[in-house]
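Undergrad:
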Amino acid sequence: MLRINSIRKGIVIDHIKPGYGMKIYEYLKLQDANFTVALIMNAISRKYGRKDMIKIENVIDLDLAMLGFIDPKITVNIIEDEVIKEKINLSLPDRIEGVIECKNPRCITSEEREIVHKFVLIDKEKAIYKCEYCDHIYQGR
Amino acid sequence: MLKGRHLIDSQDLTVRELKSIFDLTTEIINRPKDFSYICDGKILGTLFYEPSTRTKFSFEAAMLRLGGKILGFSEPGSSSVSKGENLPDTLRTVGTYADIIALRHPKEGAPRYGAMYSPVPIINAGDGGHQHPTQTLADIYTILQVKERLDNLTIGLCGDLKFGRTVHSLIKAMTRYDNVKLVLISPKELKVPENIKIEVLESKGIEYLEVEKLEDVIDILDVLYMTRVQKERFFNEADYIRLKDSYILDLKKLEPAKEDLAILHPLPRVNEIKMEVDDDKRAYYFQQVKNGMYVRMALIIKLLGVD
Ligand SMILES: [Zn+2]
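Here it is as C-alpha cells:
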C-alpha cells in the first residue's frame, strides 16, 4: 500500500467520500498552496470501505466551514507535535457563496453572466438552504 | 424610515411600515389634491423586461398623479438590454437618470440582484413566479378597507398557487397578523412551493389546509383570493387544457358563501371569475385595482422620502 508519512503539525481531513477529495482540494484552493499537501484517493477505510483523505502540513487556520456542507461525515483533526490536538465538529455554514448552483430554471442566476450563486441556511436539522435571489430550495444532503 | 429602501419581497416591510403606507394611502384617497405636486422634479424609471401594460400603467399613473415624470421601456427588445447588457449595468445607468425604479423581470430574483447594484430604490414590479409585493399592498389594503381588520381572518387562495407570485407575496405578508388561517385551493400540480411551506407556514406554525375543490371550503372563507391559471406557466398544453376550467367562480359556487365574503383577484382574469359575479356585492376586484394605484403612490412617496 502507498504510504504517506504522518505529519508533525497540520490538518488531516479524513473520511471523505471517495471521489470528493478532489472537489474539496479545489474548493480549498490547495492547488495554489505554498505548503505541502497530500491528496489521497481511494484509501482503505475500516469504517466505510473506501475513502479520500487530505493532509495539509504546517497550516492549521484554513476556513473549513464548507466541508460540513459537502459531507457531514468528514472528520477534521488538527495535529500538533504528531498528536491530535483538536477534533473539529463540522457544522453547516449559514451562507454559501459560489459553490452550489440554483436549480430553478427561472432563476436570474440562469441568465446573468458573472452572478455569484448565493444560498442561506433556513433549516439546520434538515440541511435546507434557499437561493438568496429566487428563494428556491436547495437540499444540502 | 422607508426613505432610500428597496421593496423586493413583501416581507421587506414590517407590519408597522405597512400600516404607515396604508395610513398615507387613505390620506391620498381622501385628499388627492394635497399630493398632486409632491413628486415635482422626480423621475420614476419603469424597466419592464416583459410586457405588463396593467402594472406599468398603474405605476406610471401613480407617479403622474404625484406630479412626477416617467421614463422607461416595456420590452427589452427596444433597448440596449437586447444587445446583452447585464442587469447591474442597466440599473446603474438608469439609476443616474431616475430617482426610483420599478423593475419587472421574467427571471425570479432579478430585482434582488439588481438592488445590489442600483443607486436608487428598486421596487419589484413582479419577477417570474416569485413575488409581486406592490400587488400585495393593494390586496392587503383592500382587505383592510372591506374587513376593517387584518387579523382573525380565514383566507382562501385559489388557482395557481405554485407560480402565482401574488399568492406567495400575500401569504408571506398576511401570516404576520394574528389568527390568520389559510385555505390553499389548487390542483395538486400547482400547490404552494416548498420554500413557502418550510419558511413561512411551518416555521411560524400557521394553520393551513390544502384542498382541491373550491366548493368544499367556500362557506368557511372570509376572503377569497382568486388567481389566473396562466397558460405560459405550464410545461405542456395537455396539462393546461385539463386543469384550466377546474377553478372557475360563478354565482352557483358562491351560494353557500358568507354574506360578507370579500372576493379579490389581482387581475387580469381570463375566465376564472364569471362576469356574472361582477355585480355581486362581495366582488371587490375593481376596487382593488384602484387601490393598487393609490398604494403605489403612497409607496413612491415613502421610498423617496418626500412625505
Ligand atoms: Zn435561484
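Those sequence lines, one after another, are chains G and P. Position one of the first sequence corresponds to residue 1 (my numbering), numbered consecutively onward. Position one of the second sequence corresponds to residue 142 (my numbering), numbered consecutively onward. Using N, Cα and C, we set each Cβ at its ideal position, and we do this for glycine too.
Look up Thr-75/G in the DSSP assignment and say whether it is helix, strand or coil.
TA: Taking the first residue of the first sequence as 1, we reach residue 75/G at position 75. Correct three-state label for Thr-75/G: strand.
Undergrad: Using a C-beta cutoff of 8 Å, does Arg-95/G count as contacting chain P?
TA: Walking along the first sequence from the start, residue 95/G turns up at place 95. Chain P, which has no Cβ nearer than 8 Å to the Cβ of Arg-95/G, makes this no.
Undergrad: Please state if the CB of Leu-298/P and the CB of Ile-241/P are separated by a distance shorter than 8 Å.
TA: Position 100 of the second sequence, counted from the start, is the residue given in the question as residue 241/P. Position 157 of the second sequence, counted from the start, is the residue given in the question as residue 298/P. Not closer than 8 Å, so no.
Undergrad: Tell me which same chain residues have a C-beta within less than 6 Å of the C-beta of Ile-88/G, skipping the five on either side of it?
TA: Taking the first sequence and counting its residues from 1, one reaches residue 88/G at position 88. Answer for Ile-88/G: Val-76, listed in chain order.
Undergrad: Does the Cβ-Cβ distance between Ile-115/G and Met-53/G come in under 8 Å?
TA: By 1-based counting over the first sequence, the position of residue 115/G is 115. By 1-based counting over the first sequence, the position of residue 53/G is 53. Cβ distance not < 8 Å, so Ile-115/G and Met-53/G don't count as in contact.
Undergrad: Sorry if obvious, but does the Cβ on Thr-109/G come closer than 7 Å to a heavy atom of ligand 1?
TA: As a working mapping, residue 109/G is identified with position 109 in the first sequence. Yes, ligand 1 has a heavy atom inside 7 Å of this Cβ.
Undergrad: Using beta-carbon positions only, say whether Leu-143/P and Phe-176/P come within less than 8 Å of one another.
TA: The count along the second sequence starts at 1 and reaches residue 143/P at position 2. The count along the second sequence starts at 1 and reaches residue 176/P at position 35. Result no, Cβ atoms of Leu-143/P and Phe-176/P do not sit closer than 8 Å.
Undergrad: Between Gly-269/P and chain G, is there a C-beta pair that is closer than 8 Å?
TA: Taking the second sequence and counting its residues from 1, the one referred to as residue 269/P is at position 128. So yes, Gly-269/P belongs to the interface.
Undergrad: Which of helix, strand or coil does DSSP assign to Ala-43/G?
TA: Numbered from 1 along the first sequence, position 43 holds the residue referred to as residue 43/G. In the structure shown, Ala-43/G sits in a strand (DSSP, three-state: E or B).
Undergrad: Is Met-1/G close to chain P? Criterion is C-beta to C-beta, closer than 8 Å.
TA: As a working mapping, residue 1/G is identified with position 1 in the first sequence. With a pLDDT of 49 at Met-1/G, under the threshold of 50, the modelled position of this residue cannot be trusted; read the value that follows with caution. So no, Met-1/G is outside the interface.
Undergrad: Given Gly-21/G, which residues of its chain have a CB within under 8 Å of its CB, disregarding the five upstream and five downstream residues?
TA: The count along the first sequence starts at 1 and reaches residue 21/G at position 21. Closer than 8 Å at Cβ, skipping near neighbours: Leu-39, Ile-40, Met-41, Asp-52, Met-53, Ile-54.
Undergrad: Does the beta carbon of Ile-7/G come closer than 8 Å to any beta carbon on chain P?
TA: The sequence position of residue 7/G within the first sequence is 7, counting from 1. Taking Cβ atoms only, chain P never reaches closer than 8 Å to Ile-7/G, which makes this a no.
Undergrad: First and last residue of the beta strand (DSSP E) that includes Asn-171/P?
TA: For the purposes of this step, residue 171/P is taken as residue 30 along the second sequence, with counting starting at 1. Where Asn-171/P is concerned, there is no enclosing beta strand (DSSP E), although the alpha helix (DSSP H) it sits in stretches over 156-171.
Undergrad: When you check each C-beta in the region 228-247 of chain P against every C-beta of chain G, which residues fall closer than 9 Å?
TA: Taking 9 Å as the Cβ-Cβ cut-off against chain G, the residues of the region 228-247 of chain P that qualify are Leu-228, Pro-229, His-246, Pro-247.
Undergrad: In whole angstroms, give me the CA-to-CA distance for Ala-127/G and Arg-437/P.
TA: Translated into positions along the first sequence, residue 127/G becomes position 127. Translated into positions along the second sequence, residue 437/P becomes position 296. So the two alpha carbons sit approximately 38 Å from each other.
Undergrad: Report whether the distance from the Cβ of Tyr-133/G to the nearest heavy atom of ligand 1 is below 7 Å.
TA: To locate residue 133/G, count along the first sequence from 1; it is residue 133. Within the cutoff, so yes.
Undergrad: Scan the region 289-372 of chain P and note each continuous beta strand (DSSP E) run of 3 residues or more that stays entirely inside, going in chain order.
TA: 294-299, 321-326, 349-352, 364-367
Undergrad: Report buried or exposed for Asp-360/P, applying the criterion of at least 16 other Cβ atoms within 10 angstroms of its Cβ.
TA: Taking the second sequence and counting its residues from 1, the one referred to as residue 360/P is at position 219. Counting Cβ neighbours within 10 Å, Asp-360/P comes out exposed, since fewer than 16 surround it.
Undergrad: Once the 5 residues before and after Lys-85/G are set aside, which same chain residues still bring their CB inside 7 Å of it?
TA: On the first sequence, residue 85/G is found 85 positions in, with the first residue counted as 1. Excluding residues within five positions, the ones whose Cβ falls inside 7 Å are Ile-78, Ile-79.
Undergrad: Examine chain P for any beta-carbon lying closer than 8 Å to the beta-carbon of Lys-130/G, and answer yes or no.
TA: Taking the first sequence and counting its residues from 1, the one referred to as residue 130/G is at position 130. Interface residue, yes.
Undergrad: Output, in sequence order along the chain, the residues in the region 329-348 of chain P whose CB is closer than 7 Å to any CB in chain G.
TA: Glu-335, Asn-336, Ile-339, Glu-340
Undergrad: Please check the pair Ile-96/G and Leu-67/G, which I expect to be a contact at CB under 8 Å, by giving their CB distance rounded to whole angstroms.
TA: Taking the first sequence and counting its residues from 1, the one referred to as residue 96/G is at position 96. Taking the first sequence and counting its residues from 1, the one referred to as residue 67/G is at position 67. 12 Å between Cβ atoms; not a contact.
Undergrad: Would you say Arg-253/P reaches chain G, if we count a Cβ-Cβ gap shorter than 8 Å as a contact?
TA: Numbered from its first residue, the second sequence carries residue 253/P at position 112. Chain G, which has a Cβ nearer than 8 Å to the Cβ of Arg-253/P, makes this yes.
Undergrad: If we define contact as Cβ-Cβ less than 8 Å, is Ile-108/G a contact residue for chain P?
TA: Position 108 of the first sequence holds residue 108/G. It does; some Cβ of chain P falls within 8 Å.
Undergrad: Between Asn-143/G and ligand 1, is there a pair consisting of the residue's CB and a ligand heavy atom that are separated by less than 7 Å?
TA: Residue 143/G lies beyond the stretch modelled for chain G, which goes from 1 to 141, so this question has no answer here.
Undergrad: Closer than 8 Å is the cut-off here; do at least three beta carbon pairs connect the region 184-203 of chain P with the region 241-261 of chain P?
TA: yes
Undergrad: Answer with yes or no whether the minimum CB distance from Asp-135/G to chain P is below 8 Å.
TA: Here residue 135/G refers to the residue found at position 135 of the first sequence. Proximity of Asp-135/G to chain P, defined by a Cβ-Cβ separation below 8 Å, is satisfied.
Undergrad: Whole angstroms is fine: what's the gap from Glu-196/P's alpha carbon to Gln-276/P's?
TA: Translated into positions along the second sequence, residue 196/P becomes position 55. Translated into positions along the second sequence, residue 276/P becomes position 135. A quick correction: the sequence has Thr, not Glu, at residue 196/P. Cα to Cα, the separation comes out at about 9 Å.
Undergrad: Between Cys-107/G and Ile-339/P, what straight-line distance do the alpha-carbon atoms span, to the nearest angstrom?
TA: Here residue 107/G is taken as the residue at index 107 of the first sequence, counted from 1. Here residue 339/P is taken as the residue at index 198 of the second sequence, counted from 1. Rounded to whole angstroms, the separation of the alpha carbons of Ile-339/P and Cys-107/G is 19 Å.
Undergrad: Along the chain, where does the alpha helix (DSSP H) containing Leu-188/P start, and where does it finish?
TA: Here residue 188/P refers to the residue found at position 47 of the second sequence. Segment 184-189 is the beta strand (DSSP E) holding Leu-188/P; no alpha helix (DSSP H) there.
Undergrad: Compute the minimum distance between the beta carbon of Asn-104/G and the heavy atoms of ligand 2, and state whether it is under 7 Å.
TA: For the structure depicted, ligand 2 is absent and the ligand set comprises only ligand 1.
Undergrad: Quick one: what's Asn-227/P bridged to in DSSP?
TA: The residue labelled residue 227/P in the question sits at position 86 within the second sequence. None, per the DSSP bridge assignment.
Undergrad: Of all Cβ atoms in chain G, is any one closer than 8 Å to the Cβ of Gly-250/P?
TA: Looking up residue 250/P in the second sequence gives position 109. It does: the Cβ of Gly-250/P has a partner Cβ on chain G nearer than 8 Å.
Undergrad: Return the bridge partner residues of Tyr-129/G from the DSSP annotation.
TA: Residue numbering aside, residue 129/G sits at position 129 when the first sequence is read from its first letter. According to DSSP, residue pairing for Tyr-129/G in a beta bridge involves Leu-121/G, Tyr-138/G.
Undergrad: Do Asn-265/P and Leu-405/P have their beta-carbon atoms positioned less than 8 Å apart in this structure?
TA: The count along the second sequence starts at 1 and reaches residue 405/P at position 264. The count along the second sequence starts at 1 and reaches residue 265/P at position 124. Against a cut-off of 8 Å, the Cβ pair of Asn-265/P and Leu-405/P comes out as no contact.
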